[in-house]
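Counting from 3, one number per residue, gives the positions in the sequence shown under my numbering.
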Amino acid sequence: QEDRAMRFTGSYKRYFNKWKLNFRSAFFNEELKYKDSEFSKVSENKSQTFINELLINHKIGRNTLILGGNNTYAKAQSIDCINNTPVRYKMAGFSAFEYFYNKGSLSGVATLRQEWVNTNQVPLTWTLGIDYYLTHWLKSKLNASRVYRVPTINDLFWKEGGNTSLLPENGYAYEGGIMLILPKRAHRYTLSVELTAFSRKLENWIIWLPNGNFWSPQNLMQVWSRGAETNTSFELKKDKIKLFSNFKTSY
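Encoded structure:
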């Protein structure tokens, strides 16, 4: 296997009193060649991606308003694709508002995002999140979001399993939890324990399943996933030595 990649990135920032402008641009040109002489398999894949993004931040007291836009052009070229040169052009406009109250004990963020994929408008998506410190060492959180995911180029056009009839994923996601943060002792260690419960209901969930000799993506009509996760981390500092451990569980 032989991989080649050429990547260029750049950014420009400008500040105007309470305004901040940030423009970022990136270009990726990637190539992968794979040869398996035992099975007489030859695969050559090329892709080009061009991304431009503009962010405008405005401070309103302790709060922040964010406006932005994104333009992404992606092209793939492969003998392994149903369409030898699939192209995807995506535009997006988005906004966010970050809110802080009572010295930061209550904070929230709300976002809106509108996308167009190959000139086709997709449904408006949103997120809403709230964090509240019950005490200085115990924090609660709530999050909700509208989910809409368009199938990837690989999902649609992979020659040996792609499915051009795939529908976008569409649904809602919710989660809530608490985080225990024990205060540092003489600035030596930090211990945090986080418990999160989640629920996600999706229509047309995309999943790759066996289909003869190959795997192929399929839509499941409706999926309800729910469960709980824990995340425990411990950090110890002494002089120039720093130790960190992390333990996660999910159900």
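Note that CB positions come from ideal geometry on N, CA and C, so glycine has one too.
Proximity winner among the options, relative to residue i (alpha-carbon distances)
i, options, result
"Asn73", "Ser80, Phe216, Arg90", "Arg90"
"Gly179", "Leu144, Met93, Leu130", "Leu144"
"Gln79", "Arg151, Lys92, Gln50", "Gln50"
"Ala112", "Ile132, Asn54, Leu211", "Ile132"
"Glu55", "Asn165, Asn233, Arg64, Ser97", "Ser97"
"Phe249", "Pro88, Val195, Gly106", "Val195"
"Met8", "Thr66, Glu32, Asn65, Phe18", "Glu32"
"Tyr174", "Leu126, Tyr191, Tyr134", "Leu126"
"Val119", "Gln224, Thr154, Val149", "Thr154"
"Leu69", "Thr87, Gln224, Leu114", "Leu114"
"Val152", "Gln224, Asn215, Gln123, Ser201", "Gln123"
"Arg228", "Asn215, Lys242, Thr234, Ser201", "Ser201"
"Tyr134", "Leu67, Gly71, Met181", "Met181"
"Tyr75", "Leu67, Pro88, Lys92, Gly63", "Lys92"
"Gly106", "His138, Lys48, Asn215", "His138"
Neighbourhood of residue i by C-beta, 6 Å cutoff - its chain only, sequence neighbours within 5 removed
i, result
"Asp5", "Leu34"
"Tyr36", "Gln3, Ser45"
"Asn24", "Lys15, Leu57"
"Trp210", "Trp217, Pro219"
"Ala28", "Thr11, Ile53"
"Ser147", "Thr129, Ala175"
"Phe30", "Arg9, Thr51"
Buried or exposed (CB count within 10 angstroms, at least 16 for buried), residue i
i, result
"Glu162", "exposed"
"Ile208", "buried"
"Lys141", "buried"
"Ser13", "exposed"
"Ser109", "buried"
"Asn104", "exposed"
"Asp157", "buried"
"Asn165", "buried"
Beta-carbon proximity list for residue i, same chain, < 7 Å, skipping 5 on both sides
i, result
"Leu169", "Asn206, Asn221"
"Ala199", "Glu177, Gly178, Gly179, Ala230"
"Asn213", "Gly163"
"Lys20", "His60, Lys61"
Whole-Å CB distance - residue i paired with residue j, under 8 Å assumed
i, j, result
"Trp226", "Lys203", "5 Å"
"Thr232", "Leu193", "13 Å between Cβ atoms; not a contact."
"Asn65", "Phe18", "Actually they do not touch by this definition, with Cβ atoms about 18 Å apart."
"Tyr191", "Leu238", "5 Å"
"Ser252", "Phe236", "No, Ser252 and Phe236 are not in contact; Cβ-Cβ is about 19 Å, not under 8 Å."
"Val149", "Glu171", "6 Å"
Same chain, Cβ closer than 8 Å to residue i, neighbours up to 5 away in sequence not counted
i, result
"Thr121", "Tyr91"
Threshold first: 4 residues or longer. Then list the alpha helix (DSSP H) segments lying entirely within the region 120-150, N to C. Scanning the region 120-150 from its first residue to its last, no whole alpha helix (DSSP H) run of 4-plus residues comes out.
Alpha helix (DSSP H) segments (min. 4 residues) lying fully within the region 42-121: Entirely contained in the region 42-121, not one alpha helix (DSSP H) run reaches 4 residues.
To test your reading of the DSSP string, which unbroken beta strand (DSSP E) runs of 3 or more residues are found completely within the region 168-197? Entirely contained in the region 168-197, the beta strand (DSSP E) runs reaching 3 residues are, in chain order, 171-184.
Would you list, in sequence order, the uninterrupted alpha helix (DSSP H) runs of no fewer than 4 residues that lie entirely inside the region 200-234? Counting whole runs of 4 or more residues, the region 200-234 contains no alpha helix (DSSP H) stretch at all.
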